Amino acid sequence: MTNLQKLQQALREREIAAVLLSNIANVQWVSGFSGSSAWVLATPADAVFLTDSRYTVQAKTEVKDMPSDSYASPVLSAQFLARHIEGRGIRLLGFESDSVTVSTLKEWEAAFQGVQLTPVAELVGPLRMVKSAEEIEGIRKACALADQCFDNVRRILRPGVSELEVAIEIEFFFRKRGATAAFPVIAASGENSAKPHGTATEKVIEEGDFLTLDFGACLNGFNSDITRTVVIGEPSTRQREVYGQVLQAQLASLEAMKPGIPAKEVDAVARRVLAEADLAGYFGHGLGHGLGMLVHDFGRLAPTSEHVLAPGQVWTVEPGVYIEGFGGVRIEDDVVVTESGIETLTHSPKDLLTFPEGR
Ligand code: GLY
Ligand code: MN
38 MTNLQKLQQA
48 LREREIAAVL
58 LSNIANVQWV
68 SGFSGSSAWV
78 LATPADAVFL
88 TDSRYTVQAK
98 TEVKDMPSDS
108 YASPVLSAQF
118 LARHIEGRGI
128 RLLGFESDSV
138 TVSTLKEWEA
148 AFQGVQLTPV
158 AELVGPLRMV
168 KSAEEIEGIR
178 KACALADQCF
188 DNVRRILRPG
198 VSELEVAIEI
208 EFFFRKRGAT
218 AAFPVIAASG
228 ENSAKPHGTA
238 TEKVIEEGDF
248 LTLDFGACLN
258 GFNSDITRTV
268 VIGEPSTRQR
278 EVYGQVLQAQ
288 LASLEAMKPG
298 IPAKEVDAVA
308 RRVLAEADLA
318 GYFGHGLGHG
328 LGMLVHDFGR
338 LAPTSEHVLA
348 PGQVWTVEPG
358 VYIEGFGGVR
368 IEDDVVVTES
378 GIETLTHSPK
388 DLLTFPEGR
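Under our numbering, think of the first position of the sequence shown as 38, with each following residue one higher.
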């Protein structure tokens, strides 16, 4: 079944007469288009890809399974969309309420005559959660590149190197290999490592610091997302304890993952292990998220998540402990759910590494 057919089946099941997709990741998934701005107008029986003149030529080669049309200045996007919507006699039109802004909605309401706009949530996201073999292969390659990158950056980890230098080394590695950093590299050392999203600063890495590196490759449109925490110099007893417990939490959650298990139960496994060492209170975020065309793709491993694990889903698994004034540890891997369990896609070592190596 094509992705468009999957969408149209969902429209039939949810009795949605027509939808205007505007979330670009969803548009890309349904149409094959790789540009940055477009819509798909779909009914259970029909679909059209709509974009602007910057992408007219690109759409001809990329867009599959549906005709395409584009507009050029001085026509406005809302006028162009209105022509297609009204031309098909659509009276009731779903819009993606989890991504359309209030101002866009107002613009559409003013432009689409005789059309009732109705919010539709979580239409394409759940379909995208189960990845095709091709998508998994794309993610696998992005994961392999992240592993190679970690292997490369280890060479430069020592006291005196700044967080920014480490981050740039990571970015440069990806750029030289036809990829980009999937998101701004997190290189957080010492007390900065207690900030879960501490992007790299000019701070110099010092003896005794935890160093958390969280990065990923975006390669051919697919992402990876890996975190490793290391120690510069000799780890303290407390650092070993905290690291060991986060690692146990991650290994136990990975062990629990298989089809049919609720996402919140996987999250709970990590929290239980951290609670054994009174560390659960320092774990403020969810255990993981979907991964694919987006770094934070649809789906959450979290206490309130209603997802159930199924083959083909790709997840990050990233417990963390962040203690203000002391530092933090996060360990993150990417996995794909298989028929019987999971396959881990990132393979960088997880025993507590200390740097510089071999001294
Ligand atoms: N790896 C950090 C995050 O997903 O936000
Ligand atoms: Mn992540």
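The beta-carbon is built from N, C-alpha and C at its ideal position, and this holds for glycine as well.
Values in this document were obtained by computation on a predicted structure and should not be read as measured data.
I need the straight-line Cα distance from residue 323 to residue 296, nearest angstrom please. 19 Å
On a Cα-Cα basis, can you pick out the residue from 96, 93, 116, 77 that is closest to residue 132? 77
Taking just the CA atoms, how far does residue 125 sit from residue 264? 49 Å
Unbroken stretches of the beta strand (DSSP E), 3 residues or longer, contained in the region 189-247: 223-226
Is the beta carbon of residue 226 closer than 8 Å to that of residue 246? yes
Distance between residue 109 and residue 178 (C-alpha atoms, nearest Å): 38 Å
Host beta strand (DSSP E) of residue 91 (start-end): No beta strand (DSSP E) contains residue 91, which DSSP labels as neither H nor E.
DSSP three-state assignment for residue 260, whether helix, strand or coil: strand
Is residue 369 helix, strand or coil by DSSP? strand
Helix, strand or coil: how does DSSP classify residue 344 here? coil
Cα-Cα, which of 129, 249, 220 is closest to residue 229? 249
Determine contact between the region 46-58 and the region 151-165, defined as no fewer than three beta-carbon pairs at a distance below 8 Å. yes
Tell me whether residue 322 counts as near ligand 2, meaning its Cβ is closer than 7 Å to at least one heavy atom of that ligand. no
Hey, out of 153, 275, 291, whose CA is closest to residue 373's CA? 291
Pairing CB atoms from the region 330-338 with CB atoms from the region 57-68, are three or more of them under 8 Å? yes
6 Å Cβ shell around residue 303 - same chain, five flanking residues per side excluded: 290, 293, 294, 338
Give the secondary structure of residue 269 by DSSP, where H, G and I count as helix, E and B as strand, and everything else as coil. strand
Alpha carbons only, please: which of 395, 321, 252 is nearest the one belonging to residue 185? 252
Reduced DSSP category for residue 254 - H, G, I as helix; E, B as strand; rest coil: strand
Report all residues from its chain with a CB closer than 7 Å to the CB of residue 380; omit the five preceding and five following residues, and keep chain order. 372, 373
Cβ of residue 142 within 8 Å of Cβ of residue 118? no
Minimum C-alpha distance to residue 261 - residue among 139, 384, 66: 384
Is the separation between the beta-carbon of residue 309 and that of residue 320 shorter than 8 Å? no
In or out: residue 83 buried (at least 16 other Cβ within 10 Å) or exposed? exposed
Residue 384: beta carbon under 7 Å from a heavy atom of ligand 1? no
Quick one: using the 10 Å Cβ neighbour count with 16 as the cut-off for buried, is residue 58 buried or exposed? buried
Between residue 262 and ligand 2, is the CB less than 7 Å from at least one heavy atom? yes
Is it right to say residue 102 is buried, meaning 16 or more other beta carbons lie within 10 angstroms of its own, or is it exposed? exposed
Cβ separation of residue 255 and residue 217, assumed to be a contact under 8 Å, to the nearest whole Å: 5 Å
Residue 281 - containing alpha helix (DSSP H), residue span: 274-293
Under 7 Å: does the beta carbon of residue 271 sit that close to some heavy atom of ligand 3? The model on display carries ligand 1 and ligand 2 but not ligand 3.
Take the Cβ of residue 344 as the centre, count every other Cβ of all protein chains shown within 10 Å, and call the residue buried at 16 or more, exposed below. buried
Does the region 193-201 come close enough to the region 347-367 to have 3 or more Cβ pairs within less than 8 Å? no
Contacting residues, own chain, Cβ-Cβ under 8 Å from residue 122 (five flanking each side not counted): 55, 57, 78, 130, 149, 152
Following a CB-centred definition, is residue 326 positioned closer than 7 Å to any heavy atom of ligand 2? yes
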